[in-house]
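Right, one structure below, let's go through it.
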Amino acid sequence: MLAKRIIPCLDINKGRVVKGVNFLNLRDAGDAIANAQFYEKEGADELIFLDITASYEQRSTIVDLVGKVAQVVFMPFTVGGGIRSAEDIREILLAGADKVSLNTAAVKNPEIIKKTSRIYGSQCIVVAIDAKKAENRGQKTENRKKDNLSSDICHLTSGKKWEVYINGGRTPTGLDAVEWAKKVERLGAGEILLTSMDYDGTKNGFDIELTKAISSAVKIPVIASGGAGKLEHFNEVFKKTEATAALAASIFHYREYRLKEVKEYLAKRGIEVRA
């Protein structure tokens with residue numbers, strides 16, 4: 011069995027690390043480079059850097075900041091936000107990232123997953139899925155038209171539970187999260203970064219139902235994200251789902267817990283983690 015990974019995440023807005031609740035009410039969490047250096051020393055398994063307003067603002071990722079962060083970390087480094095093309099991916103990888111995370115671009119043009127996984131390898135292509143409990147199905151047509159979402163994939167049936175959002179959680183797509191996860195795997199994605207919008211920043215624990223549904227529907231690794239607040243939350247997500255990694259932000263940024271504490275806690279409960 012592969013060791014479970016514990017991954018801190020840098021949500022970047024205007025060059026600073028931020029953290030909110032349910033994707034709203036962002037507050038400052040420090041300098042990106044300083045945070046990256048801290049997590050390198052802490053022994054993080056990986057680091058994820060998400061430029062959370064790039065897609066919504068229709069601009070490219072802050073490549074120069076990506077390069078500066080890459081210079082101070084030696085762990086696997088994933089970058090997402092504002093990536094729209096194979097050339098964008100090439101630029102991010104050349105800046106020092108090991109993987110790229112696609113969300114909005116993947117929904118608007120699913121073929122980018124197939125194309126870029128063939129060019130750079132599936133191991134480089136992470137698809138981020140921001141999912142929210144589905145309500146008021148069928149009334150999102152205008153949003154979908156405005157964002158050029160294909161009508162043939164924007165279909166959420168009454169029996170489905172979670173809807174995919176894009177543009178940093180601002181735009182509902184009508185896509186069912188479980189079916190979308192299956193599709194991105196078929197297209198060549200090597201990993202899924204799954205964030206529960208309902209649980210994000212709440213510190214009430216990971217969304218076990220959502221994480222279990224997605225991680226049991228695909229064979230590729232799934233990173234659980236959204237809701238970590240206590241040590242037992244990490245134990246729960248690994249014991250009750252097929253997630254291969256757990257991501258957290260605020261509890262690490264504000265030093266409520268150290269990565270070493272999380273790993274020691276999990277190891278004592280029989281969960282294999284990296285030293």
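So in this note's numbering the end of the sequence shown lands on 285, straight run, no missing numbers.
Ideal Cβ positions, reconstructed from N, Cα and C, are used throughout, including at glycine.
Practice problem: Please go through the same chain and pick out, in chain order, the residues whose beta-carbon is closer than 8 angstroms to the beta-carbon of F248, but skip the five residues on each side of it. | Solution: Exclusion of the five residues before and after F248 leaves K14, A256, L276 and I281 as the residues of its chain whose Cβ lies within less than 8 angstroms of its Cβ.
Self-check item: Beta-carbon contacts of N146 that lie in its chain and below 6 angstroms, excluding the five residues immediately before and after
Solution: Any answer about N146 is weak, because its pLDDT of 49 lies below 50 and its placement is not dependable; what the coordinates show is given next. Listed in chain order, the non-local C-beta contacts of N146 below 6 angstroms within the same chain number zero, local neighbours out to five positions each way being set aside.
Quiz item: Where are the alpha helix (DSSP H) runs, 4 residues long or more, that stay fully inside the region 69-155, in chain order?
Solution: Counting only runs of 4 or more, we get 73-80, 96-104, 114-118 and 121-130.
Quiz item: Where do the ends of the alpha helix (DSSP H) carrying E173 lie?
Solution: Run containing E173: none in the alpha helix (DSSP H); it sits in the beta strand (DSSP E), W172 to I176.
Quiz item: So A199 and I123 are in contact, right, with Cβ under 8 angstroms, and what is the actual spacing, rounded?
Solution: With a contact defined as Cβ atoms closer than 8 angstroms, A199 and I123 qualify at about 5 angstroms.
Practice problem: Using only alpha-carbon positions, find the residue among G90, G178, K240 and S226 that is nearest to V73. | Solution: Residue nearest to V73 within the set G90, G178, K240 and S226 is G90 (criterion: CA-CA distance).
Self-check item: Cutoff 6 angstroms; reference E173; Cβ partners in own chain excluding five residues on either side
Solution: So the list reads K142, A144, L166 and P182, once near-sequence residues are dropped.
Exercise. Classify T205 as helix, strand or coil using the three-state DSSP reduction.
Key: T205 falls in the strand class under three-state DSSP.
Exercise. Report all residues from its chain with a CB closer than 8 angstroms to the CB of P120; omit the five preceding and five following residues, and keep chain order.
Key: Closer than 8 angstroms at the Cβ level, and outside the excluded window around P120, lie I163, K193, V194 and L197.
Exercise. Mind checking which residues open and close the beta strand (DSSP E) that includes S235?
Key: Its beta strand (DSSP E) spans residues V232 to S235.
Quiz item: Rounded to whole angstroms, how far is the Cβ of K109 from the Cβ of P86, which I believe are closer than 8 angstroms?
Solution: With 8 angstroms as the limit, K109 and P86 qualify as a contact, their Cβ atoms being about 7 angstroms apart.
Quiz item: Between S206 and G237, is the Cβ-Cβ spacing less than 8 angstroms?
Solution: Cβ atoms of S206 and G237: closer than 8 angstroms.
Quiz item: To which residues of the same chain is K229 closer than 8 angstroms at the C-beta, ignoring the five residues directly before and after it?
Solution: Contacts found: E195.
Quiz item: Under three-state DSSP, which class holds V28?
Solution: Correct three-state label for V28: strand.
Practice problem: Can you check DSSP and say which residues form a bridge with I22? | Solution: DSSP lists V27 and D61 as partners of I22.
Quiz item: For the candidate residues A259, A223, I58 and A54, whose alpha-carbon lies nearest to that of G106?
Solution: Comparing C-alpha distances from G106 to each of A259, A223, I58 and A54 shows the shortest one belongs to I58.
Quiz item: Per DSSP, what kind of secondary structure is R284 in: helix, strand or coil?
Solution: Three-state result, R284: coil.
Quiz prompt | Uninterrupted beta strand (DSSP E) stretches inside the region 228-270 (no shorter than 3 residues) | solution = Segments of the beta strand (DSSP E) lying fully in the region 228-270: 232-235 and 255-258.
Quiz item: Count the other CB atoms within 10 Å of the CB of L104; is the residue buried (16 or more) or exposed (fewer)?
Solution: Within 10 angstroms of the beta-carbon of L104 lie fewer than 16 other beta-carbons, which makes it exposed.
Quiz prompt | Rounded C-alpha distance that separates A96 from C134 | solution = For A96 and C134, the distance between alpha carbons rounds to 12 angstroms.
Quiz item: From S128 to T254, what distance separates their C-alpha atoms?
Solution: At residue 128 the sequence reads Arg, which differs from the Ser that was named. Distance between the alpha carbons of R128 and T254: 24 angstroms.
Quiz item: Between I16 and V283, is the Cβ-Cβ spacing less than 8 angstroms?
Solution: Pairing I16 with V283 gives a Cβ-Cβ distance under 8 angstroms.
Self-check item: Unbroken beta strand (DSSP E) run spanning T181, endpoints
Solution: Under the DSSP assignment, T181 falls in the beta strand (DSSP E) whose first and last residues are T181 to D186.
Quiz prompt | From W190, N177 and G40, residue whose alpha carbon lies closest to that of R26 | solution = Closest option to R26, Cα to Cα, is G40.
Exercise. Helix, strand or coil for R279, going by three-state DSSP, please let me know.
Key: It is coil, neither helix nor strand.
Self-check item: Where the alpha helix (DSSP H) through N45 begins and ends
Solution: Looking at the DSSP string, the run of the alpha helix (DSSP H) that includes N45 is A42 to E52.
Quiz prompt | Continuous alpha helix (DSSP H) stretch holding S225: start and end | solution = From DSSP, the alpha helix (DSSP H) with S225 extends over I218 to S225.
Quiz item: Is the Cβ-Cβ distance between G53 and K270 less than 8 angstroms?
Solution: Yes, Cβ-Cβ distance for G53 and K270 is below 8 angstroms.
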